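Here the sequence shown is numbered in this note's numbering, starting from 2 and rising by one per residue.
Just so it is clear, CB atoms sit at the ideal spot from N, CA and C, and this is done for glycine as well.
In this text, all values refer to a predicted model and were calculated from it rather than measured experimentally.
Take a look at the structure set out below.
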Amino acid sequence: MHHHLEVQPLPWFWPLGVRRHDGAPTMQRLLEVNPDLLVSSGHTHRNRIRRHGTGVVTEVGSTKDHPGVWAGYVVHDAGVRQTVRRVSEPSCLEWTDRTHAAVGGIWGRWSPGRLHDRALTHLWSQVPASPPRSTWPIRSRLVSR
């Protein structure tokens with residue numbers, strides 16, 4: 002997803018994400034269907050990982066600005082692994098190093114996150130998923146003629 006899920010009742014940093022009163026119920030419903038949920042976004046341009054019940058929510062830093070990273074995912078029988086890699090092209094590194102000083106130097110300390118905000122292994126929980134609700138809002142309107 003593009004926009005991150007906000008966890009505070011009111012936004013406390015820019016850019017704005019999916020408000021908590023919308024995001025929390027959506028996450029809860031998704032977890033009912035799949036308890037092993039992994040949701041990843043990149044809109045904040047920072048690295049962060051947090052748990053929501055049995056699910057995992059990640060935010061991945063920007064390739065365009067500091068820290069100049071992208072995430073790769075490996076899905077296997079036991080779970081999924083996220084690894085964050087930094088761009089390596091010298092001209093890109095020169096630019097991302099310049100953007101490190103943005104926001105009075107705070108950006109360079111805030112956006113990379115901690116090591117455990119950049120790499121994770123999310124193991125499948127072996128909790129059975131519930132079948133989709135029959136009240137799904139989209140109904141088929143096919144009519145036989």
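1. Within the segment 78-123, note down every full beta strand (DSSP E) run reaching 3 residues or more, in order along the chain.
2. Is it the case that the segment 114-129 contacts the segment 76-85, given that we only count it when at least three CB pairs across the two stretches are under 8 Å?
3. With distances taken Cα to Cα, identify the nearest neighbour of residue 92 among 36, 65 and 55.
4. Over what stretch of residues does the beta strand (DSSP E) that includes residue 126 continue unbroken?
5. Assign residue 47 to one of three DSSP states: helix, strand, or coil.
6. Could you round the C-beta distance between residue 43 and residue 60 to whole angstroms and report it? I think they count as a contact, below 8 Å.
7. What are the boundary residues of the beta strand (DSSP E) that residue 56 is part of?
8. Compare the C-alpha of residue 84 against each of 48, 55, 56 and 98 and name the closest.
9. Comparing C-alpha positions only, which one of 41, 45 and 53 sits nearest to residue 69?
10. Please list, in chain order, all residues of the same chain as residue 56 whose beta carbon is under 6 Å from its beta carbon, the five residues on each side excluded.
11. Quick one, are the C-beta atoms of residue 101 and residue 109 less than 7 Å apart?
12. Spatial neighbours of residue 119 within its chain, please: CB distance less than 6 Å, with the 5 preceding and 5 following residues excluded, ordered by chain position.
Judging by the given coordinates:
1. 80-87
2. yes
3. As a first step, residue 92 must be located in the sequence shown, where it is residue number 91. Closest option to residue 92, Cα to Cα, is 65.
4. For the purposes of this step, residue 126 is identified with residue 125 of the sequence shown, where counting begins at 1. From DSSP, residue 126 is part of no beta strand (DSSP E); its letter is neither H nor E.
5. Residue mapping note: residue 47 aligns to position 46 of the sequence shown, counting from 1. Looking at residue 47 - three-state DSSP - the assignment turns out to be coil, as it is neither helix nor strand.
6. Position 42 of the sequence shown, counted from the first residue, corresponds to residue 43. Position 59 of the sequence shown, counted from the first residue, corresponds to residue 60. Yes, they are in contact, since the Cβ atoms of residue 43 and residue 60 sit about 7 Å apart, within 8 Å.
7. Taking the sequence shown and counting its residues from 1, one reaches residue 56 at position 55. Note, residue 56: beta strand (DSSP E), 56-60.
8. Taking the first residue of the sequence shown as 1, we reach residue 84 at position 83. That would be 48, whose Cα lies nearest to the Cα of residue 84.
9. Here the question's residue 69 lines up with position 68 in the sequence shown. Considering only alpha carbons, the answer is 45.
10. The sequence position of residue 56 within the sequence shown is 55, counting from 1. Cβ neighbours of residue 56 beyond the five flanking positions: 32 and 38.
11. Within the sequence shown, the letter at position 100 stands for residue 101. Within the sequence shown, the letter at position 108 stands for residue 109. Contact flag set, yes.
12. Counted from its first residue, the sequence shown places residue 119 at position 118. The residues are 48 and 85.
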